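Each remark here refers to the structure printed beneath this line.
2 protein chains.
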Amino acid sequence: MSWEENVRKVIPYVAGEQPNQPGMIKLNTNECPYPPSPEVKKAILSLEPEKMRLYPDTDAAELTNALAEYYGLKPEQVFVGVGSDDVLAMAFLTFFHSDKPILFPDVTYSFYDVWADLYRIPYHRCALDENWHICPQDYMADNGGVIFPNPNAPTGVEESLETIERIVSANRNVVVIVDEAYVDFGGHSALPLLEKYDNLLIVQTFSKSRAMAGMRIGFALGNEKLIRYLRDVKFSTNSYTMNYASQVIGLEALKDDGYFHTITQKIVDTRERAKVKFRELGFRFPDSKTNFLFVTHKVMPASRLFAALREKNIYVRYWNKPRIDNYLRVTIGTEDEMNRLFAFLEQYLQNRS
Amino acid sequence: MSWEENVRKVIPYVAGEQPNQPGMIKLNTNECPYPPSPEVKKAILSLEPEKMRLYPDTDAAELTNALAEYYGLKPEQVFVGVGSDDVLAMAFLTFFHSDKPILFPDVTYSFYDVWADLYRIPYHRCALDENWHICPQDYMADNGGVIFPNPNAPTGVEESLETIERIVSANRNVVVIVDEAYVDFGGHSALPLLEKYDNLLIVQTFSKSRAMAGMRIGFALGNEKLIRYLRDVKFSTNSYTMNYASQVIGLEALKDDGYFHTITQKIVDTRERAKVKFRELGFRFPDSKTNFLFVTHKVMPASRLFAALREKNIYVRYWNKPRIDNYLRVTIGTEDEMNRLFAFLEQYLQNRS
Numbered sequence: 106m107s108w109e110e111n112v113r114k115v116i117p118y119v120a121g122e123q124p125n126q127p128g129m130i131k132l133n134t135n136e137c138p139y140p141p142s143p144e145v146k147k148a149i150l151s152l153e154p155e156k157m158r159l160y161p162d163t164d165a166a167e168l169t170n171a172l173a174e175y176y177g178l179k180p181e182q183v184f185v186g187v188g189s190d191d192v193l194a195m196a197f198l199t200f201f202h203s204d205k206p207i208l209f210p211d212v213t214y215s216f217y218d219v220w221a222d223l224y225r226i227p228y229h230r231c232a233l234d235e236n237w238h239i240c241p242q243d244y245m246a247d248n249g250g251v252i253f254p255n256p257n258a259p260t261g262v263e264e265s266l267e268t269i270e271r272i273v274s275a276n277r278n279v280v281v282i283v284d285e286a287y288v289d290f291g292g293h294s295a296l297p298l299l300e301k302y303d304n305l306l307i308v309q310t311f312s313k314s315r316a317m318a319g320m321r322i323g324f325a326l327g328n329e330k331l332i333r334y335l336r337d338v339k340f341s342t343n344s345y346t347m348n349y350a351s352q353v354i355g356l357e358a359l360k361d362d363g364y365f366h367t368i369t370q371k372i373v374d375t376r377e378r379a380k381v382k383f384r385e386l387g388f389r390f391p392d393s394k395t396n397f398l399f400v401t402h403k404v405m406p407a408s409r410l411f412a413a414l415r416e417k418n419i420y421v422r423y424w425n426k427p428r429i430d431n432y433l434r435v436t437i438g439t440e441d442e443m444n445r446l447f448a449f450l451e452q453y454l455q456n457r458s
Numbered sequence: 106m107s108w109e110e111n112v113r114k115v116i117p118y119v120a121g122e123q124p125n126q127p128g129m130i131k132l133n134t135n136e137c138p139y140p141p142s143p144e145v146k147k148a149i150l151s152l153e154p155e156k157m158r159l160y161p162d163t164d165a166a167e168l169t170n171a172l173a174e175y176y177g178l179k180p181e182q183v184f185v186g187v188g189s190d191d192v193l194a195m196a197f198l199t200f201f202h203s204d205k206p207i208l209f210p211d212v213t214y215s216f217y218d219v220w221a222d223l224y225r226i227p228y229h230r231c232a233l234d235e236n237w238h239i240c241p242q243d244y245m246a247d248n249g250g251v252i253f254p255n256p257n258a259p260t261g262v263e264e265s266l267e268t269i270e271r272i273v274s275a276n277r278n279v280v281v282i283v284d285e286a287y288v289d290f291g292g293h294s295a296l297p298l299l300e301k302y303d304n305l306l307i308v309q310t311f312s313k314s315r316a317m318a319g320m321r322i323g324f325a326l327g328n329e330k331l332i333r334y335l336r337d338v339k340f341s342t343n344s345y346t347m348n349y350a351s352q353v354i355g356l357e358a359l360k361d362d363g364y365f366h367t368i369t370q371k372i373v374d375t376r377e378r379a380k381v382k383f384r385e386l387g388f389r390f391p392d393s394k395t396n397f398l399f400v401t402h403k404v405m406p407a408s409r410l411f412a413a414l415r416e417k418n419i420y421v422r423y424w425n426k427p428r429i430d431n432y433l434r435v436t437i438g439t440e441d442e443m444n445r446l447f448a449f450l451e452q453y454l455q456n457r458s
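Residue numbers (my numbering), protein chains in the order written: chain B, 106 to 458; chain L, 106 to 458.
Structure below.
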């Protein structure tokens, strides 16, 4: 027997590539095209080496308190982690502890089945309808928990708060996680439902709308009991997860609400113009409330387009997976990046029509 | 039924308190009493807000490569994580996947049983002998894996490389993890054994000897296959764990090897002087190769001393646990901090003798 027989084997999540080509247009991992708030520069300069010798505040209290205030909650209702992936992975481990399958959409964030496999959680994928919408009745079946992003990824489609509430209220005996990574681009948060439902956990991130993917800051909002359970599991894994720098910098970024609204609005405006342009070029897409568009062309296969774009150092995301293998997920970049994307597409599609 | 029935319930690890009193002497969590390398200040100033909008390098390649070079290994033999707790928790999840109990000492790092409980890993504690040494024969029993720190915490006792090799070689069908958080204070790393044993994983940290607990940097060294399995589990949890700032700052700290040797030597010198002083004051302790001493007084109960010290804003660590409830773990601070500690102890013990 070898030690390998005792190893937990998993098929790991494959993240979007992180190319680093000069002049590239990177529209493949839904990062913010704008730098973080100017306050971040000041926060960097305020970092004290002397403080780095000490363990960071395990509660990230200042950031937690600021998030609580921002969302009108108590600090005991806020949990922070190393990106929303950390928060979500811990939520899977904490809340999906039943023998019944958890439920999530068939087309959704590709980490959900990876976490379920990692933690040996049974799961069932519920097919989205032909317009990429959730069928709420699918989530009325007996289950061990529910998770979906709203707006969904990679489709960009938003479900109404009524749909969310139907699902949360029908599942009071399990935890329902709404992954709101993309909610700041015109979507509607389930935040108002928190008061009514103690089985609802909302997860958000600084990686998209707050332009700080590199600092790994995510958080969960929920009732105090849910958050306490999540904290217990966090403290059973690693007492000190969010480092000193992220706590300081995250706080300053959060405080600059004006900048946050300016850049998210800019991205929304660019997205709306991109919708017009994509349509003109013969693309279709579900309406998006996120910082990306999920597009398919009437004649040109997505895989070919993906390869052609890549050759020009324009990176978008493509999955060779059932139902979505003729789609590209295109992050909304700056106006200039989108203009260069469209200039290329125009020429490329013209030459081949 | 309530959602609470499906929750994973754990008794979380209780970390050493992180007091923040003016003038306090903090000797309770084995942090480095000296600030990190002066290079860290430069590294801070080099941080670019623009880079924070992007996901960090998922491989932390520059830091990983530098660690590989430092330890004379290939980059494929190095795994970095958010502190050694993150690395160890992932190693538990990855490698301790058998139905047989894993083995670790009865007096050791208190996170081991917490991780085992969290991941539902059966475990058995092997009693240290009366001199706080491991009994190698205990680790010859059928098991699902082995883990121990060397030097051990909270005792400070080091096992010889011969003992380590006996245990590793007797357990070729499981993974043996040697947690070397404290090895840089005069201990001997199991690094030379890596070439011979593919079931050996060594874990180290920047939190103690490299004065960077606040930045959360830990790493594992092992053969390429072990590291690959660990990476698979990491990529199944969170693709981007170590943030941009830690990657930049950790690298610069690692490069300054002169500073590293200066501060670790200073701590060793202070420790050796502290041993003399503790003895003079009527304390006994196992010989320590770490940045702390595990002391017991011939007449004064540890719990009383702990309380008296705390009242004077001198923080040390005390556990009300079997075998160690008459001991204090005292981190080696600066010369000045230790002098103030001893001045107080001298007076306190005199008044009560």
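The beta carbon of each residue, even a glycine, is placed where N, CA and C say it ideally should be. Owing to the predicted nature of the structure, the values given are computational and were not obtained by experimental measurement.
I need the straight-line Cα distance from L/H293 to L/E267, nearest angstrom please. 11 Å
Under the assumption that B/V338 contacts L/V115 (Cβ atoms under 8 Å), give the Cβ distance between them as a whole number of angstroms. In this structure B/V338 touches L/V115 by the C-beta definition: roughly 6 Å separates them, less than 8 Å.
Does DSSP classify L/Q309 as helix, strand or coil? strand
Pull the bridge partners of L/F184 from the DSSP assignment, please. L/A325
Just to confirm the assignment, what range does the alpha helix (DSSP H) spanning L/T436 have? L/T436: not part of any alpha helix (DSSP H); member of the beta strand (DSSP E) spanning L433 to T436, first to last residue.
Using the rule of at least 16 other Cβ atoms within 10 Å of the residue's Cβ for burial, across every protein chain shown, is L/C231 buried or exposed? buried
Reduced DSSP category for L/K330 - H, G, I as helix; E, B as strand; rest coil: helix
Taking L/N348 as the reference, give the member of B/A286, B/V212, B/D191 and B/V119 with the closest Cα. Of the candidates B/A286, B/V212, B/D191 and B/V119, the one whose C-alpha sits nearest the C-alpha of L/N348 is B/D191.
Are the C-beta atoms of L/P256 and some chain B residue less than 9 Å apart? Answer no: the Cβ-Cβ gap between L/P256 and chain B never drops below 9 Å.
Kindly indicate which residue of B/E136, B/A325 and B/E385 has the alpha-carbon position closest to the one of B/L178. B/A325
Give me, in chain order, the residues of the same chain whose beta-carbon lies closer than 7 Å to that of L/K417; leave out the 5 immediate sequence neighbours on both sides. Taken in chain order, the residues that qualify are F449.
B/T134 at chain L interface by Cβ criterion, 9 Å: yes
Cut-off 6 Å between Cβ atoms - residues of its own chain near L/D284, not counting five sequence neighbours on either side: P254 and V308
For L/R315 versus L/P141, is the C-beta distance shorter than 9 Å? yes
Note the first and the last residue of the continuous beta strand (DSSP E) segment covering L/H229. Taken as a continuous stretch (DSSP letters only), the beta strand (DSSP E) holding L/H229 covers Y228 to C231.
Give the secondary structure of L/L168 by DSSP, where H, G and I count as helix, E and B as strand, and everything else as coil. helix
What is the residue span of the alpha helix (DSSP H) that L/H366 lies within? L/H366 -> alpha helix (DSSP H) spans D362 to E385.
Given a limit of 7 Å on CB to CB distance, which residues of the segment 337-349 of chain B reach chain L? D337, V338, F340, S341, T342, N343, S344, Y345, T346, N348 and Y349
Of the residues B/P227, B/G291, B/E167 and B/D243, which one's Cα is nearest the Cα of B/K394? B/G291
Cβ contact (3+ pairs, closer than 8 Å) linking the segment 297-305 of chain L and the segment 399-418 of chain L: The segment 297-305 of chain L is not in contact with the segment 399-418 of chain L.
Beta-carbon contacts of B/A258 that lie in its chain and below 6 Å, excluding the five residues immediately before and after: Y214
Whole alpha helix (DSSP H) runs in the segment 401-432 of chain B with 4 or more residues, listed along the chain? 407-416
Taking the C-alpha atoms as reference points, what is the distance between B/R336 and B/D441? 43 Å
L/R277 versus L/G261 - alpha carbon distance: 27 Å
For B/V283, three-class secondary structure by DSSP: strand
Euclidean distance between Cα positions of B/I207 and B/Y244: Rounded to whole angstroms, B/I207 and B/Y244 show a C-alpha spacing of 10 Å.
Within-9 Å CB hit, L/W220 to chain B: Yes, contact with chain B.
Would you list the one or two residues that DSSP bridges to B/L398? B/V435
Which whole-angstrom value is the C-beta distance of L/A275 and L/S189, which I expect to be below 8 Å? Their Cβ separation, rounded to whole angstroms, is 25 Å, which puts L/A275 and L/S189 out of contact at 8 Å.
Chain B beta carbons: is any one of them nearer than 9 Å to that of L/L159? yes
Using the rule of at least 16 other Cβ atoms within 10 Å of the residue's Cβ for burial, across every protein chain shown, is B/H366 buried or exposed? exposed
Under a three-way DSSP split, which group does L/G250 fall into? Strand, per DSSP.
Have a look at B/L132 and L/F390 and give me their C-alpha separation to the nearest angstrom. Straight-line Cα distance between these residues: approximately 60 Å.
Measuring CA to CA, which of L/H229, L/L223 and L/P427 is closest to L/D247? L/H229
Just mark L/R158 as buried or exposed, buried being the case when its beta carbon has 16 or more other beta carbons within 10 Å. Counting C-beta atoms within 10 angstroms of its own C-beta, L/R158 has 16 or more neighbours from the protein chains shown and is therefore classed as buried.
Which two residues bound the contiguous alpha helix (DSSP H) that contains L/I116? Looking at the DSSP string, L/I116 is not in any alpha helix (DSSP H), and its letter there is neither H nor E.
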